[in-house]
Structure formats: C-alpha cells, structure tokens
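A.B. asks: For the sequence shown, the residue numbers in UniProt numbering are 1 to 339. We put the CB at the ideal spot given by N, CA and C, even for glycine. None of the values given here were measured: they were computed from a predicted structure. Mind having a look at this structure? Questions to follow.
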Amino acid sequence: MVAVKAGDVEGALRRPDPRIGVFLFYGPDMGLINERARAVAERSVDDASDPFQMIRIDGDDIAADPGRLADEAGTMGLFGAKRAIWVKSTSRNIAPAVDAVLKGELQDTVIVIEGGDLQKSSPLRTLCERSQKALALPCYADEARNLGAVVDDTLKAGGFSIQRDARTALIASLGGDRLATRGELNKLMLYAHGQREITLADVDAIMSDVSSLAMDAVVDAAFAGEGTGLETGSRRLAAEGVNASVLLGAALRHALMLLSARLSVEDGRPIPAVMETMRSLHFRRKPLVERHLQRWTGDTLNSAIALLQANLLQTRRMADLADTIAAKTLLDIARTARR
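What follows is the structure in structure tokens.
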C-alpha cells in the first residue's frame, strides 16, 4: 500500500477499500486520533453501545498477551452482528499481534488502533503501511484551513451560524489539538444557547480573558498616545480591581516586545515583515502594534522600559499609591508617544 498523506486521510476514510480490516491512527494530535478512531469504530457496527459489537481493549493488554487480538478478531458476532475492536494507545510494541491478525481472514470485524505518535521506523506503522489489509493514517495538528472546516461543521451541526468577523476571531483563538478545539466549540455553543447566530461578543466572552483584553486595550492606548482611551480603560480596570503592578507588568512586556521588533526595523527589515514574525499576537492588535512600531524608536523604547521597571518596583514598595503611580507612568508613556 502507498502511505496515506495527512491531507488525504478524510478522503481515504470516506471511501475505504472493502479489503481494509485494520485502521491505524497515529501522530502527535491525540485528540484527532481519538476522534477519527471513534468515528470509524462506531460506523463499523450497528449498535456502538452493545459491548458484544464494540470491544474495547487496552494496548498494554495486547502487548502482554499477543494472542488475545487474534482470538477476539476470530470470535463470531452474536446473531451475526458486525464487530469493531477498538485498541487504545500503548508505548509497547503490538506489531506481532496485529501481524497475526493480518495473516488471517477478518470476517465482519474491523480493528481500529490508536497508535500514538509513531516514528516512521515503528514496527506497527511499517507493518500497516505495507499491508494490503491495513491503513496507516497520520493525524497532525489542525492548520487554519482544517480549523475552518471543523468550526463550520461543528457549529452547523449544533444549529448555529457565525458572523464573519466572529469566525475569523474564533479560528485565530483556537490551537491545533482537535480535542481541545472540540471542547472550546462546545463551550461556545453552550454559551450561545437560545440564539441562532454567534457574534464576535460571544467569541470574546468565551475564548478570551476579558480582563486581559481590557488590559491590552489600555497598554495599546498608552503606546499610541491616545489619552481618552487610556483614561477610560484605566478606570475600567481599576473598577474591576486589576492590580496596578499587573498592568505595568503588561506594559513592560509590550515595550520589550516592541524594542526587539523596532531594532529589527532599524536594522533594515520592513515593518510588515517584522509583523509577520509576531505569530502570538492577537490579529485584532496587529494594526495597533504596527502603528506603535512607526511611532517609537529604539532609544525612546529603552527610556520607556527604564521608566516602567522603576515604577513597577515602586508600586510594590508603596502599595497604597500603586494605582496613582501606574496611572502617571502610562500617562507619561502616552505623552512620549504623542511627541
């Protein structure tokens, strides 16, 4: 058999060769491995809740008793029902047990194996890639295109539509692990229960720490020299009880990030190229940070960093005046940004 590429897995699963009796899922994304293994196992039987049709076996048990898999595969289903043997992941080698099954005949039985992150030289992976009766299917972290499909399909199945800007923000907030993605989408749908369309406000409420977003807004306003936004945001954070030293700490981290980026600009790299390297930066902040890079120089950023470090220490020494110190520090930064 030709090894299946990661991008071809869904197609291979939609139209599996009827000769295939063993499905091996492997790779670093354990959530995706489990999701695909479950789907294949459940669709291979008439009643996935019937323990005589759906047989779950731990991989360690098979490694300890290699003959058990062949015994289970050779057992006739009750009343002729189809059966699925779902093997959970193990770090031990179960290739000999699977080899014995592949040498025999599988009748109305499908074996689904969660293989974990197997290397190319793994005996189990090699065995399944070479067999005419098996499929070795890689499961890698979702890319943006795959995430979009997962988001759309999951929300549609839940009876939801999603606004375009909310969809963009949602995909930017999700990681590559399929299990974690499903969990976040389930949280979002539960939050939006009773409505048909998911909005950007819904995504922000579930996928982001609102206090963190508000703190970013204050820091961005300070480094952009926007006094009104700085004052409004600072009052909100104070009302929410955000510690002044935490706010200055966020401003200091931002200044350090800007300094590194600005030095690259001063070495001759275009600002758009530098912005491309800031992969962890939320997409909604990128236009603001780009303006920060245009407004600040390496020298002024070094001065801002020194000011933040000194006053951050002061907020800890004089806790009673911490809010006043933080407000004055950010106001000084805003004044520098406006010059």
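(1) Would you check if the region 150-165 and the region 9-19 touch, i.e. whether three or more CB-CB distances between them fall below 8 angstroms?
(2) Does residue 138 pass the burial test, meaning 16 or more other C-beta atoms within 10 Å, or should it be called exposed?
(3) Within 8 angstroms, do at least three Cβ pairs link the region 305-313 to the region 263-283?
(4) Answer with buried or exposed for residue 76, where buried requires no fewer than 16 other C-beta atoms within 10 angstroms of its C-beta.
(5) Which residue's Cα is closest to the Cα of residue 362: 215, 286 and 272?
(6) Tell me which same chain residues have a C-beta within less than 8 angstroms of the C-beta of residue 69, skipping the five on either side of it?
(7) Got a sec? Which residues, its chain only, sit under 6 angstroms from residue 254 by beta carbon, not counting five neighbours each side?
(8) Name the two residues that bound the continuous alpha helix (DSSP H) containing residue 13.
(9) On a Cα-Cα basis, can you pick out the residue from 259, 258 and 5 that is closest to residue 136?
(10) So, does the region 235-247 touch the region 270-279, judging by three or more C-beta pairs under 8 angstroms?
(11) Using CA atoms only, rank isn't needed, just tell me which of 30, 25 and 29 is closest to residue 41.
(12) Tell me which residue opens and which closes the beta strand (DSSP E) that residue 88 is part of.
(13) I believe residue 204 touches residue 213 by the beta-carbon criterion, under 8 angstroms. Please report the beta-carbon distance rounded to the nearest angstrom.
(14) For the alpha helix (DSSP H) holding residue 110, just list the boundary residues, first then last.
(15) Residues in its own chain within less than 6 angstroms of residue 53 by CB, not counting five upstream and five downstream?
(16) At which residues does the beta strand (DSSP E) containing residue 62 begin and terminate?
(17) So, for residue 336: in the same chain, excluding its five sequence neighbours on each side, which residues have a beta-carbon less than 7 angstroms away from its beta-carbon?
(18) Between the Cα of residue 223 and those of 290, 34, 163 and 116, spot the shortest distance and give me the residue it belongs to.
(19) Expressed to the nearest angstrom, what Euclidean distance is found between the alpha-carbon atoms of residue 35 and residue 114?
(20) Output the boundary residues of the beta strand (DSSP E) element that contains residue 136.
(21) Measure the CB-CB distance between residue 168 and residue 174 and report whether it falls below 8 angstroms.
(22) DSSP has residue 162 in a bridge; who is on the other side?
(23) If you draw a straight line from the C-alpha of residue 178 to the C-alpha of residue 117, how long is it?
(24) Measuring only the C-alpha atoms, how far is residue 129 from residue 8?
(25) Tell me the DSSP secondary structure of residue 23 in three-state form.
(26) Whole-angstrom Cβ separation of residue 296 and residue 258, contact assumed at under 8 angstroms?
(27) Using the rule of at least 16 other Cβ atoms within 10 Å of the residue's Cβ for burial, across every protein chain shown, is residue 197 buried or exposed?
(28) Whose C-beta lies closer than 7 angstroms to the C-beta of residue 329 among residues of the same chain, with five residues either side of it excluded?
(29) If I'm right that residue 238 touches residue 152 with Cβ under 8 angstroms, what's the distance once you round it to whole angstroms?
(30) State buried or exposed for residue 27, treating a residue as buried only when at least 16 other CB atoms are found within 10 Å of its CB.
(31) Please name the residue or residues paired with residue 56 in a DSSP beta bridge.
(32) Are there 16 or more other CB atoms within 10 angstroms of the CB of residue 43, so buried, or fewer, so exposed?
(33) Who are the near neighbours of residue 185 in its chain, counting only those whose CB is closer than 6 angstroms to its CB and skipping five residues on each side?
(34) Got a sec? Which residues, its chain only, sit under 6 angstroms from residue 3 by beta carbon, not counting five neighbours each side?
C.D. replies: Quick look at the numbers:
(1) A contact between stretches requires three or more CB pairs, one per stretch, nearer than 8 angstroms, and the region 9-19 fails this requirement with the region 150-165.
(2) Your numbering for residue 138 matches position 138 in the sequence shown. Residue 138 should be labelled buried.
(3) Touching, no.
(4) In the sequence shown, counting from the first residue as 1, residue 76 sits at position 76. By the neighbour-count rule (16 or more Cβ atoms within 10 Å), residue 76 is not buried but exposed.
(5) The chain is shown from 1 up to 339; residue 362 falls before or after that span and cannot be answered.
(6) Your numbering for residue 69 matches position 69 in the sequence shown. Excluding positions up to five away in sequence, the list reads 57, 62, 85, 87, 94, 97, 98, 100, 101 and 111.
(7) The residue you call residue 254 lines up with position 254 of the sequence shown. Cβ neighbours of residue 254 beyond the five flanking positions: 219.
(8) Translated into positions along the sequence shown, residue 13 becomes position 13. Per DSSP, residue 13 belongs to the alpha helix (DSSP H) from 9-14.
(9) By one-based count along the sequence shown, residue 136 stands at place 136. It is 5 whose Cα lies nearest to the Cα of residue 136.
(10) No contact exists between the region 235-247 and the region 270-279.
(11) Sequence index remark: in the sequence shown, residue 41 carries index 41 (1-based). Nearest option by C-alpha distance: 25.
(12) Taking the sequence shown and counting its residues from 1, the one referred to as residue 88 is at position 88. That run of the beta strand (DSSP E) goes 83-88.
(13) In the sequence shown, residue 204 corresponds to position 204, counting from 1. In the sequence shown, residue 213 corresponds to position 213, counting from 1. Confirmed, about 7 angstroms.
(14) On the sequence shown, position 110 is the one that residue 110 refers to. Per DSSP, residue 110 belongs to no alpha helix (DSSP H); it is in the beta strand (DSSP E), 109-114.
(15) Here residue 53 corresponds to residue number 53 of the sequence shown, with the count starting at 1. For residue 53, where only same-chain residues beyond five positions count, the Cβ hits under 6 angstroms are 45, 47, 81 and 83.
(16) Looking up residue 62 in the sequence shown gives position 62. Premise fails: residue 62 lies in the alpha helix (DSSP H), 59-64, not in any beta strand (DSSP E).
(17) The sequence position of residue 336 within the sequence shown is 336, counting from 1. Excluding residues up to 5 positions away in sequence, 300 and 304 lie with their Cβ nearer than 7 angstroms to the Cβ of residue 336 in the same chain.
(18) Here residue 223 refers to the residue found at position 223 of the sequence shown. Distance from the Cα of residue 223 is smallest, within the candidate group 290, 34, 163 and 116, for 290.
(19) Residue numbering aside, residue 35 sits at position 35 when the sequence shown is read from its first letter. Residue numbering aside, residue 114 sits at position 114 when the sequence shown is read from its first letter. Spanning the two alpha carbons is a distance of roughly 10 angstroms.
(20) To locate residue 136, count along the sequence shown from 1; it is residue 136. Annotation: the continuous beta strand (DSSP E) that includes residue 136 extends over 134-138.
(21) Numbered from 1 along the sequence shown, position 168 holds the residue referred to as residue 168. Numbered from 1 along the sequence shown, position 174 holds the residue referred to as residue 174. Inclusion of residue 168 and residue 174 in the CB contact set at 8 angstroms is not warranted, their separation being larger than that value.
(22) By 1-based counting over the sequence shown, the position of residue 162 is 162. According to DSSP, residue 162 bridges with 198.
(23) Here residue 178 corresponds to residue number 178 of the sequence shown, with the count starting at 1. Here residue 117 corresponds to residue number 117 of the sequence shown, with the count starting at 1. Taking the straight line from one Cα to the other gives about 15 angstroms.
(24) In the sequence shown, residue 129 corresponds to position 129, counting from 1. In the sequence shown, residue 8 corresponds to position 8, counting from 1. Straight-line measurement puts the Cα of residue 8 at about 14 angstroms from the Cα of residue 129.
(25) Numbered from its first residue, the sequence shown carries residue 23 at position 23. Strand, per DSSP.
(26) One-based indexing of the sequence shown puts residue 296 at position 296. One-based indexing of the sequence shown puts residue 258 at position 258. Right, their Cβ atoms sit about 6 angstroms apart.
(27) Position 197 of the sequence shown, counted from the first residue, corresponds to residue 197. Exposed, since its Cβ has fewer than 16 Cβ neighbours within 10 Å.
(28) Position 329 of the sequence shown, counting from 1, holds the residue named residue 329. The residues are 248, 307, 308 and 311.
(29) The residue you call residue 238 lines up with position 238 of the sequence shown. The residue you call residue 152 lines up with position 152 of the sequence shown. In this structure residue 238 is not in contact with residue 152, their Cβ atoms being roughly 41 angstroms apart against a cut-off of 8 angstroms.
(30) Indexing the sequence shown from 1 puts residue 27 at position 27. The residue is buried, with at least 16 neighbouring Cβ atoms inside 10 Å.
(31) Reading the sequence shown from its first residue, position 56 is the one you call residue 56. Bridge partners of residue 56: 86.
(32) What you label residue 43 is simply residue 43 of the sequence shown in a count that begins at 1. Burial call: exposed.
(33) Along the sequence shown, one-based indexing puts residue 185 at 185. Beyond the five residues adjoining it in sequence on each side, residue 185 comes within less than 6 angstroms, by CB distance, of 154 in the same chain, given in chain order.
(34) The residue you call residue 3 lines up with position 3 of the sequence shown. Cβ neighbours of residue 3 beyond the five flanking positions: 129.
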